[in-house]
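Asks: Each residue of the sequence shown is one higher than the last, beginning at 1 in full-length UniProt numbering. By construction, the Cβ of each residue, glycine as well, lies at the ideal position given by its N, Cα and C atoms. Please read these numbers as outputs of a predicted model, since none were measured by experiment. Sharing a structure, written as structure tokens. Questions coming.
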Amino acid sequence: MSTVLDKEVERTDSSLPQTSEIDDKVSTIANEEKSHGLNRNIEYAGVSRIEALYVVFGTGWKIWLLYISVALIAYAYSLQSNTTYNYTAYATSSFGEHSLLGAISTATTIISSVGRPFIAKIADLTSRPTAYLCSLALYCLGLILMAACQDVNTYAAGSVIFTVGSTGLDLVTTIIIGDATSLQWRGFAQAVYAAPYIINAFISAYIAAAFGVDNWRWGYGMFCIIVPVTMAPALVVLFWADIKAKKIGTISLAAASYTRSEDLHKDGKRSIAETVLYYFHAIDGFGLILLGFAWSLILLPFTLSAEATNGWQNPSLIAMETIGWILLISFGAWELWGARYPLMPSRVLNRTFICCVAIDFFYQCGGYIQLLYYSSWVYVIKDWSLRDYTFWTNELGVGLCAFSFVAALLNRYTHQYKYTQLAGIVIRAIGMGLIFWGVGPNATDATLVMATLVVSLGGAFSVIGSQVASQASVPHHDMATAISLLSLWSSLGAAIGQAIASAIWTNMMPANLEYYLAGYANSTEISEIYGSITIARTQTPEIRAQVVKAYNQTVQYPMYLPALIIAVIALIPALLTKNYYLGSNQNAVETKKVIVRDDIDENQLASEMDEKDKTNVAA
1 MSTVLDKEVE RTDSSLPQTS EIDDKVSTIA NEEKSHGLNR NIEYAGVSRI EALYVVFGTG
61 WKIWLLYISV ALIAYAYSLQ SNTTYNYTAY ATSSFGEHSL LGAISTATTI ISSVGRPFIA
121 KIADLTSRPT AYLCSLALYC LGLILMAACQ DVNTYAAGSV IFTVGSTGLD LVTTIIIGDA
181 TSLQWRGFAQ AVYAAPYIIN AFISAYIAAA FGVDNWRWGY GMFCIIVPVT MAPALVVLFW
241 ADIKAKKIGT ISLAAASYTR SEDLHKDGKR SIAETVLYYF HAIDGFGLIL LGFAWSLILL
301 PFTLSAEATN GWQNPSLIAM ETIGWILLIS FGAWELWGAR YPLMPSRVLN RTFICCVAID
361 FFYQCGGYIQ LLYYSSWVYV IKDWSLRDYT FWTNELGVGL CAFSFVAALL NRYTHQYKYT
421 QLAGIVIRAI GMGLIFWGVG PNATDATLVM ATLVVSLGGA FSVIGSQVAS QASVPHHDMA
481 TAISLLSLWS SLGAAIGQAI ASAIWTNMMP ANLEYYLAGY ANSTEISEIY GSITIARTQT
541 PEIRAQVVKA YNQTVQYPMY LPALIIAVIA LIPALLTKNY YLGSNQNAVE TKKVIVRDDI
601 DENQLASEMD EKDKTNVAA
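Written as structure tokens, this is what we have:
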């Protein structure tokens with residue numbers, strides 16, 4: 001069994017630590033908590049209960065049942081991700097609205113990124129399985145809306161809800177992995193979690209080919225059944241263990257120091273309205289709303305300007321931008337002076353964490369400038385079968401997962417991450433350079449495959465480094481916050497990249513098509529080609545050759561060159577991170593390490609910890 005709150009790595013058959021040891025450890029953790037500025041007015045119940053949960057599982061078949069259950073989730077989640085990745089282009093094209101791909105992706109990314117801290121707060125304030133259940137409900141609702149939609153607006157709404165749920169499932173699993181593993185194995189555990197992508201990349205190609213371009217609705221709908229069924233064992237196991245852990249009480253050493261005892265006992269006397277208001281403050285609900293609206297109003301005009309009357313001179317777009325920036329400034333003021341429990345508490349904003357956020361922000365921003373319409377471009381210029389095209393679109397994900405094992409093992413046996421990450425950023429920049437070069441006559445099969453392979457190699461080294469370093473830089477009770485904030489700002493980087501790419505595409509592609517198709521197609525036909533990649537691909541060879549020229553003109557210098565430059569900029573914050581020693585600690589700022597204990601007498605331990613809680617409350 002793994003738990004994360006002891007000073008030494010040990011395996012013992014003793015049923016209970018000595019009372020003096022508990023006293024010393026509670027005192028140590030209280031001092032650590034004080035030094036990191038933990039606000040004692042809030043209870044991190046999820047942290048306490050996940051540690052109690054590990055005591056319930058022990059080291060036998062129960063813990064393996066948990067591992068297998070989580071593995072089922074990982075497999076189903078990766079199968080869905082690999083399969084549905086291509087359906088957005090097909091869905092928007094089926095409504096003749098392929099140009100809205102950027103707007104939908106931008107809105108989806110913004111809302112889902114703001115939802116990540118919300119899910120993380122649920123995981124900390126309630127429990128990990130509760131956060132799983134909330135995420136699953138949103139996930140299924142979004143899939144249903146996308147599968148049943150009759151217009152692009154319903155599809156977009158479903159996509160937003162689905163993405164919030166999907167990222168929630170991924171986020172909670174990442175938090176659980178961080179709870180249970182030491183720094184030296186953290187990256188490897190993340191790589192194992194992502195491993196099903198390697199297998200499913202090939203399986204999903206056959207699934208996508210079987211459904212074809214026209215049956216994308218069934219491609220979404222099937223996962224409304226598959227994912228809940230595969231998640232059921234994990235939910236049953238986790239809720240069973242959580243209920244049993246409650247009987248033990250605040251069993252972890254951290255629980256005694258995190259428990260807001262007075263308010264906790266008052267919770268039962270609160271009205272429903274008071275309880276809702278309390279948790280609204282606890283998740284910084286107002287801050288999340290400000291942030292979501294701010295970035296939506298700032299970025300969406302970039303994707304809508306080409307369709308708006310008079311473009312950027314349209315008063316509505318000007319108003320959206322103005323209000324968006326006002327709201328973003330208001331968000332900063334709220335976080336500094338108004339929020340009881342800030343979304344970004346100052347205690348987690350250390351140099352390494354800020355640099356990791358910057359690295360991933362640049363990674364996602366530049367990556368999505370290049371990536372958003374990359375698969376659409378390849379679909380039009382190449383004569384690959386749908387199966388081969390799906391194989392290629394999954395190459396990046398497979399490479400990231402496979403090379404994550406290499407990065408994780410380098411971290412494990414060198415006990416550092418910094419130089420591995422620096423090498424990864426350089427390698428990824430080389431891959432982005434290949435993508436920039438591989439346009440027009442250089443767009444051979446070998447170039448497209450090799451460029452993606454190199455990008456995935458460098459990306460894996462960079463991503464694993466940021467994940468491990470950001471979690472290492474904060475104490476355990478702030479880990480979920482750190483994970484969600486890293487995910488939040490990297491997702492906002494992706495949203496900015498998508499907005500830039502969408503603005504370039506919607507403003508330049510129509511003009512390029514009109515230029516290259518002059519004398520080949522009329523305005524109606526050009527509009528149809530612009531609105532659907534399937535129509536663009538099925539033109540006569542003569543017309544398609546001109547379409548390919550328009551696509552190349554739109555993507556190479558306007559999209560791929562900025563993406564390359566941003567990939568190089570990520571080197572600057574990477575040089576400024578602290579190269580933590582990756583050992584058996586849960587993090588690099590506390591003395592807590594992962595321990596293994598067998599045959600714990602739960603009743604005895606619960607009784608003693610209850611006495612400790614009473615003593616701490618009295619103190």
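Does DSSP put Asn200 in a helix, in a strand, or in coil?
Replies: Position 200 of the sequence shown, counted from the first residue, corresponds to residue 200. Here Asn200 sits in helix by DSSP.
Asks: For Gln546, which residues in the same chain have their Cβ closer than 6 Å to its Cβ, ignoring the five residues on either side in sequence?
Replies: Counting from 1 along the sequence shown, the entry for residue 546 is found at position 546. Here the set comprises Tyr516, Leu517 and Tyr520.
Asks: What did DSSP end up calling Asn310 once you bin it into helix, strand or coil?
Replies: Taking the sequence shown and counting its residues from 1, one reaches residue 310 at position 310. Asn310 falls in the coil class under three-state DSSP.
Asks: Following the continuous alpha helix (DSSP H) through Val378, name the residue where it begins and the one where it ends.
Replies: In the sequence shown, counting from the first residue as 1, residue 378 sits at position 378. Note, Val378: alpha helix (DSSP H), Tyr374 to Ile381.
Asks: Kindly indicate which three-state DSSP category Asn579 falls into: helix, strand or coil?
Replies: In the sequence shown, residue 579 corresponds to position 579, counting from 1. Residue state, collapsed to three classes: coil.
Asks: When you compare only the Cα positions, how much space is there between Ser261 and Ala189?
Replies: Taking the sequence shown and counting its residues from 1, the one referred to as residue 261 is at position 261. Taking the sequence shown and counting its residues from 1, the one referred to as residue 189 is at position 189. Caution is warranted here: a pLDDT of 39 is assigned to Ser261, below 50, making its placement in the model unreliable, and the coordinate value is therefore given only provisionally. So the two alpha carbons sit approximately 35 Å from each other.
Asks: Taking His415 as part of the alpha helix (DSSP H), name the residues at either end of that continuous run.
Replies: Indexing the sequence shown from 1 puts residue 415 at position 415. Looking at the DSSP string, His415 is not in any alpha helix (DSSP H), and its letter there is neither H nor E.
Asks: Within the continuous alpha helix (DSSP H) that includes Glu274, where are the two ends?
Replies: In the sequence shown, residue 274 corresponds to position 274, counting from 1. Where Glu274 is concerned, the enclosing alpha helix (DSSP H) stretches over Ile272 to Ala282.
Asks: Counting only C-beta atoms, is Gly292 closer than 7 Å to chain C at any point?
Replies: Of the chains in the structure shown, none is chain C; there is only one protein chain.
Asks: I'd like to check one pair, Val468 with Tyr417: are the Cβ atoms closer than 7 Å?
Replies: If you number the sequence shown from 1, residue 417 lands on position 417. If you number the sequence shown from 1, residue 468 lands on position 468. Going by C-beta atoms, Tyr417 is nearer than 7 Å to Val468.
Asks: Just list the alpha helix (DSSP H) runs in the region 540-580, keeping only unbroken ones of 4 residues or longer that don't cross its boundaries, in chain order.
Replies: 541-555, 561-569 and 571-575
Asks: Given this structure, state the Cα-to-Cα distance separating Ser502 from Pro129, to the nearest angstrom.
Replies: By 1-based counting over the sequence shown, the position of residue 502 is 502. By 1-based counting over the sequence shown, the position of residue 129 is 129. Looking at the two C-alpha atoms, the distance is approximately 37 Å.
Asks: Once you ignore the five residues that flank Asp263 on each side, which residues in its own chain have a CB closer than 6 Å to its CB?
Replies: Position 263 of the sequence shown holds residue 263. Residue confidence for Asp263 is low, a pLDDT of 44 falling below 50, so the modelled location carries little weight; the figure read from the coordinates is stated next. So the list is empty, once near-sequence residues are dropped.
Asks: Rounded to whole angstroms, how far is the Cβ of Val568 from the Cβ of Ala429, which I believe are closer than 8 Å?
Replies: By one-based count along the sequence shown, residue 568 stands at place 568. By one-based count along the sequence shown, residue 429 stands at place 429. Indeed they touch by this definition, with Cβ atoms about 5 Å apart.
Asks: Is it right to say Leu336 is buried, meaning 16 or more other beta carbons lie within 10 angstroms of its own, or is it exposed?
Replies: Walking along the sequence shown from the start, residue 336 turns up at place 336. With fewer than 16 Cβ atoms within 10 Å of its Cβ, Leu336 is classed as exposed.
Asks: When you compare only the Cα positions, how much space is there between Leu38 and Ala443?
Replies: Translated into the one-based positions of the sequence shown, residue 38 becomes position 38. Translated into the one-based positions of the sequence shown, residue 443 becomes position 443. Note on Leu38: pLDDT 43, under 50, position unreliable in the model; no value is reported.
Asks: Suppose the cutoff is 7 Å on Cβ atoms and the five residues either side in sequence are ignored; what does the same chain contact list for Tyr85 look like?
Replies: One-based indexing of the sequence shown puts residue 85 at position 85. The answer, listed in chain order, is Thr393.
Asks: Could you spell out the range, first to last residue, of the alpha helix (DSSP H) harbouring residue 653?
Replies: The requested residue 653 is not part of the displayed model; the chain covers only 1 to 619.
Asks: Can Asn200 and Ser78 be called in contact, C-beta distance under 7 Å?
Replies: In the sequence shown, the residue the question calls residue 200 occupies position 200. In the sequence shown, the residue the question calls residue 78 occupies position 78. A contact, by the Cβ cut-off of 7 Å.
Asks: I need the DSSP call for Thr106, collapsed to helix, strand or coil.
Replies: Here residue 106 corresponds to residue number 106 of the sequence shown, with the count starting at 1. Looking at Thr106 - three-state DSSP - the assignment turns out to be helix.
Asks: By alpha-carbon positions, which one of Phe118, Thr126, Tyr530 and Asp242 ends up nearest to Leu171?
Replies: The residue given as residue 171 occupies position 171 in the sequence shown. Among Phe118, Thr126, Tyr530 and Asp242, the Cα nearest to that of Leu171 belongs to Phe118.
Asks: Of the choices Cys149, Phe162 and Thr88, whose alpha-carbon is the least far from that of Val213?
Replies: As a first step, residue 213 is located in the sequence shown; it is residue number 213 there, counting from the start. For the residues Cys149, Phe162 and Thr88, the minimum Cα distance to Val213 belongs to Thr88.
Asks: Using C-beta distances below 8 Å, list every residue in its chain close to Ala499, excluding the 5 sequence neighbours before and after it, in chain order.
Replies: Position 499 of the sequence shown, counted from the start, is the residue given in the question as residue 499. Correct list, in chain order: Gly102, Thr106, Leu299, Leu300, Phe302 and Thr303.
Asks: Below 7 Å between beta carbons: does that hold for Tyr220 and Leu143?
Replies: Residue mapping note: residue 220 aligns to position 220 of the sequence shown, counting from 1. Residue mapping note: residue 143 aligns to position 143 of the sequence shown, counting from 1. Yes.
Asks: Using the three-state DSSP reduction, which class does Asn350 fall into: helix, strand or coil?
Replies: For this step, residue 350 is matched to residue 350 along the sequence shown. In this structure, Asn350 counts as coil in the three-state DSSP scheme.
Asks: Give me the residue from Phe461, Leu327, Ile529 and Ser473 with the minimum Cα distance to Phe293.
Replies: For the purposes of this step, residue 293 is identified with residue 293 of the sequence shown, where counting begins at 1. Nearest of Phe461, Leu327, Ile529 and Ser473 to Phe293, Cα basis: Leu327.
Asks: Per DSSP, what kind of secondary structure is Pro233 in: helix, strand or coil?
Replies: In the sequence shown, the residue the question calls residue 233 occupies position 233. DSSP, reduced to helix, strand and coil, places Pro233 within a helical segment of the structure shown.
Asks: By a C-beta neighbour count over all protein chains shown, 10 Å radius and 16 as the cutoff for buried, is Gly158 buried or exposed?
Replies: Here residue 158 is taken as the residue at index 158 of the sequence shown, counted from 1. By the neighbour-count rule (16 or more Cβ atoms within 10 Å), Gly158 is buried.
Asks: Keeping to the same chain, check which residues put their C-beta closer than 7 Å to that of Phe162; ignore five residues upstream and five downstream.
Replies: The residue given as residue 162 occupies position 162 in the sequence shown. Excluding sequence neighbours, Phe162 sits near Tyr139, Gly142, Leu143 and Met146.
Asks: With C-beta atoms as the reference, is Met320 less than 7 Å away from Leu297?
Replies: Indexing the sequence shown from 1 puts residue 320 at position 320. Indexing the sequence shown from 1 puts residue 297 at position 297. Judged by beta-carbon spacing, Leu297 lies within the 7 Å limit of Met320, meaning their Cβ atoms are closer than that value.
Asks: What are the boundary residues of the alpha helix (DSSP H) that Met508 is part of?
Replies: Here residue 508 corresponds to residue number 508 of the sequence shown, with the count starting at 1. Start and end: Met479 to Tyr516.
Asks: Taking its Cβ as the centre, do 16 or more other Cβ atoms sit within 10 Å of Lys25, making it buried, or is it exposed?
Replies: Taking the sequence shown and counting its residues from 1, one reaches residue 25 at position 25. Because the pLDDT at Lys25 is just 38, under 50, the model does not fix this residue reliably, and the value given afterwards should be weighed accordingly. Buried, by the Cβ-count rule.
Asks: Can you say whether Val160 is buried or exposed, counting buried as having 16 or more other CB atoms within 10 angstroms of its CB?
Replies: Here residue 160 is taken as the residue at index 160 of the sequence shown, counted from 1. By the neighbour-count definition (other C-beta atoms within 10 Å, threshold 16), Val160 is a buried residue.
Asks: How about Pro562 and Ile369: are their beta carbons less than 7 Å apart?
Replies: Counting from 1 along the sequence shown, the entry for residue 562 is found at position 562. Counting from 1 along the sequence shown, the entry for residue 369 is found at position 369. Yes.
Asks: Could you check which residue in Leu372, Ala120, Asp383 and Gly459 has the C-alpha nearest to that of Phe405?
Replies: Residue mapping note: residue 405 aligns to position 405 of the sequence shown, counting from 1. Checking every option, the nearest Cα to that of Phe405 belongs to Gly459.
Asks: Could you give the residue range of the alpha helix (DSSP H) that holds Gln80?
Replies: Your numbering for residue 80 matches position 80 in the sequence shown. Trp61 to Thr84 is the extent of the alpha helix (DSSP H) around Gln80.
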